[in-house]
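First residue of the sequence shown: 907, per the working numbering; consecutive thereafter.
Even glycine gets a Cβ: it sits at the ideal position worked out from N, Cα and C.
These numbers were taken from a predicted model, which means no experiment stands behind them.
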Amino acid sequence: LKPPWLRPSWSSDTPRAWVSRAGRASLRGEGASACRVAARMSMSTTSTSTLWGLPEKKNRASPPKCFNIASKVQKSSIEQPLSCRVHPVAILKILDAFVRRPEGAKRVIGTLLGWISEGSVVDITDSFPVVHKDAEMVLMDQDYHKQMLALRQKVSPREVVVGWFSTGMEINATSAVIHAFYCTKESQFTATAVLPGPIHLLVDTAMVGSTFGIKAYVNVQTQVAQSLLQFHEVPLRVQTSAAEKSGISQLMRARRANREATTAGLEPKDIAALDGFEGGLKELLRLFQRIREYVRAVKQGKVEGDLAVGRGLTQALCSEPIIDVQAVEQLCKNSLQDALMVVYLSNLTRTQISIAEKINSQYNVHGDA
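Here's what the structure looks like:
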């Protein structure tokens, strides 16, 4: 019998090619390399664990890919995840189109406009509805889409087609047909490295809860079945600009005024009767009063001063130049005079055009006679 360190270890299925432990430890240089190469070549059909008598490890099969119709995109540590920012104007237009939808229509669809900014962030700035009919097959007016897109790009050439929207709670079979149209060149969608396919914005107008849901999806190509569409959800947030914030605050102020008038039993005011400039000045005056009260409280020792607040106030006050009151009044007067001059010239032009039309009409009548 051989000592344990010289005994070979193999199974009945493996060829009897082995190297002893003591010999393997003593081998160096080319001899050891040759032995290892020979052992690997002779055992190419078996695993290393089987050769040395260890239990064979079972290879874990990779889990099947998800084919859910709406699953969240997994963020990669290498590639930047795609995200969307939708502006309130686009959402308001979608809701307005849903309110004005034809009788019997269950949903509205349309085109999303915007651009790609900040690497992998898609800004959805505008939208417009597209005429369609939901039957056994979706009928979509493609000419209307092209005409509306041409008119919008005359106003804002930067905005391009980034996707399409639909109202409802879920993605159905007809959504695949509409998505296929926006993937073609007929929709004038241009695929990029960041956005290879159009975005699908789903707006829930059922209002089951206190709020309505807004979700964005992208299509992911399936290698198993090319005709299978995967809609994966991407992060979405609402982004408002300064002008949009002022408009939304005006709408909220009108809603509050209507609610107060209804509660008091009075006739609600029209939104045109609300002066946005006056409301903005009142809000600015309230903010100045709060700042003055805070500064007085800090000076009197009632409130502990905050260094960040002090730096912010100093930066805000020093960012605007100090102008004399008389200069401001003179500037307002000049602006008012310019506005009155423009109104006078426009009225004069309108009067001249109407007189010229009457003279031409009379001349044509006498000429025919």
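Residues sharing a beta bridge with residue i, DSSP
{"i": "T1017", "result": "F1034, W1070"}
{"i": "K1039", "result": "L1045"}
{"i": "H993", "result": "DSSP output for H993 lists no bridge partner at all."}
{"i": "L1107", "result": "F1071, A1122"}
{"i": "S1023", "result": "V1027"}
{"i": "V1144", "result": "V992"}
Distance CB(residue i)-CB(residue j) smaller than 8 Å
{"i": "V1144", "j": "P994", "result": "yes"}
{"i": "V1061", "j": "W1021", "result": "no"}
{"i": "F1004", "j": "V1014", "result": "yes"}
{"i": "R1058", "j": "F1095", "result": "no"}
{"i": "H1051", "j": "V1044", "result": "no"}
{"i": "K999", "j": "D1040", "result": "no"}
{"i": "R1162", "j": "G1185", "result": "no"}
{"i": "P1141", "j": "S989", "result": "yes"}
{"i": "I1077", "j": "F1137", "result": "yes"}
{"i": "G1103", "j": "V1083", "result": "no"}
Exposure label - residue i; buried when at least 16 CB within 10 Å
{"i": "C1224", "result": "exposed"}
{"i": "V1231", "result": "exposed"}
{"i": "T1031", "result": "buried"}
{"i": "R1064", "result": "exposed"}
{"i": "G1216", "result": "exposed"}
{"i": "P969", "result": "The pLDDT assigned to P969 is 41, lower than 50, so where the model puts this residue is not dependable; a value taken from the coordinates is nonetheless given after this. It is exposed - the Cβ of P969 has fewer than 16 other Cβ atoms within 10 Å."}
{"i": "D1029", "result": "buried"}
{"i": "F1071", "result": "buried"}
{"i": "G1016", "result": "buried"}
{"i": "M1046", "result": "buried"}
{"i": "N1270", "result": "exposed"}
{"i": "P961", "result": "Bear in mind that a pLDDT of 46 at P961, under 50, signals an unreliable position, so the number given afterwards is only what the model happens to contain. Looking at its Cβ environment, which holds fewer than 16 other Cβ atoms inside 10 Å, P961 is exposed."}
{"i": "T1073", "result": "buried"}
{"i": "L1019", "result": "buried"}
{"i": "N974", "result": "With a pLDDT of only 41 at N974, under 50, the local geometry of the prediction cannot be trusted, and no value is derived from it."}
{"i": "L1242", "result": "exposed"}
{"i": "A996", "result": "buried"}
{"i": "A1157", "result": "The sequence shown places Leu at residue 1157, not Ala. So L1157 ends up on the exposed side."}
{"i": "L1187", "result": "exposed"}
{"i": "V1234", "result": "exposed"}
{"i": "L1213", "result": "exposed"}
{"i": "V1249", "result": "exposed"}
{"i": "L1191", "result": "exposed"}
{"i": "V1036", "result": "buried"}
{"i": "L1172", "result": "exposed"}
{"i": "L1055", "result": "buried"}
{"i": "T1257", "result": "exposed"}
Anticipated Cβ contact below 8 Å, residue i with residue j, distance rounded
{"i": "A1122", "j": "L1107", "result": "5 Å"}
{"i": "G1069", "j": "I1105", "result": "3 Å"}
{"i": "S1081", "j": "F1087", "result": "Going by Cβ atoms, the distance from S1081 to F1087 rounds to 11 Å, so no, they are not a contact pair."}
{"i": "P987", "j": "S1023", "result": "No, P987 and S1023 are not in contact; Cβ-Cβ is about 15 Å, not under 8 Å."}
{"i": "M1075", "j": "A1099", "result": "Contact flag wrong, Cβ pair sits at about 32 Å."}
Within-8 Å CB hit, residue i to chain C
{"i": "E1263", "result": "Absent from the structure: chain C. Only one protein chain is present."}
Any alpha helix (DSSP H) of 4 or more consecutive residues that is wholly inside the region 1184 to 1227: 1213 to 1225
4 or more residues per run - each alpha helix (DSSP H) lying fully within the region 1052 to 1104: 1079 to 1088
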